[in-house]
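Novice: Sharing a structure with you now.
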Amino acid sequence: MMIMFCCTPVSATTISDNNWRFKVFLDGDEIGYHHFSMVNKDEQTEIYSSARFDVKFFFINAYSYEHDNVEHWQGDCLNTINAVTDDYGDQYKVSGTVGSDAFIVNTIQDRISYPSCIKTFAYWDPDFLNETSLLNSQTGEMVTVESKFIGRETLTHKGSSMTARRYRLSGDNMQIDLWYSDDDHWLALESLTEGGHIVRYAMP
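Counting from 7, one number per residue, gives the positions in the sequence shown under the numbering used here.
Following this line, the structure appears as structure tokens:
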């Protein structure tokens, strides 16, 4: 069950913090969390994320997932990335940095060169939905994607009912729905796994 897991510069005198502390549910049952933190400082944006999932079946650990990622952005382009993932025993490491004419990604197996300005799955920034390819921070691969607006819906966020815009991000064996408030704040995520299960990020 692989889970695939940007930003506007601010003035040098401004520091702002945003945090998303999602509970994660599998087919309605809580299995863990995925936390994101953004710090805008000087001319860079720093993104920190940490996920922990544990799926139990009759008190047996049927699946576990750990993912930690640190990204630095310069304007709208990824500057560096360092991610470590344990996907139920399968180990992944991704590190990357921008050079003069390319973004170089190193994984456990490969060294890959991409265009100098790329983006990850930057869910916190709805502008990422305009992209046609995104870097998977778990595998280091570029993924071809397309997105569309589904419509406006009502959902519960932090105990309050609110209207949100829903989008669908699609790719090869991938479907991710995202909800945003009218002021572009990320509210929720729902992903359909290859096995037909529903993973949902929410703040009930």
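Just so you know, even glycine gets a beta-carbon here, dropped at the ideal spot from N, CA and C.
Note that this is a predicted model, so its numbers are computed, not measured.
Just verifying my parser: in three-state terms, what is the DSSP assignment at D133?
Specialist: In the three-state scheme derived from DSSP, where H, G and I count as helix and E and B as strand, D133 is classed as helix.
Novice: Tell me which same chain residues have a C-beta within less than 6 Å of the C-beta of N25, skipping the five on either side of it?
Specialist: S43
Novice: How is the beta strand (DSSP E) around A89 delimited, first residue to last?
Specialist: Segment 83-93, the beta strand (DSSP E) holding A89.
Novice: Given a cut-off of 8 Å on the beta-carbon distance, is the pair S176 and E152 in contact?
Specialist: yes
Novice: I need the DSSP call for Q97, collapsed to helix, strand or coil.
Specialist: strand
Novice: Kindly indicate which three-state DSSP category A208 falls into: helix, strand or coil?
Specialist: strand
Novice: Could you tell me the alpha carbon to alpha carbon distance between A128 and S122, rounded to whole angstroms?
Specialist: Distance between the alpha carbons of A128 and S122: 17 Å.
Novice: What separation, rounded to the nearest whole angstrom, lies between the Cα atoms of T160 and S119?
Specialist: 42 Å
Novice: Using alpha carbons as the reference points, say which of L184, Q144, K99 lies closest to L135.
Specialist: Check the Cα spacing between L135 and each of L184, Q144, K99: the tightest is with L184.
Novice: For the beta strand (DSSP E) that T213 lies in, which residues bound it at each end?
Specialist: Absent from the model: residue 213. The displayed extent of the chain is 7 to 210, so no value can be given.
Novice: Around the Cβ of T150, are there at least 16 other Cβ atoms within 10 angstroms (buried) or fewer (exposed)?
Specialist: exposed
Novice: Using DSSP's beta-bridge definition, name the partner residues of F59.
Specialist: G38, Y71
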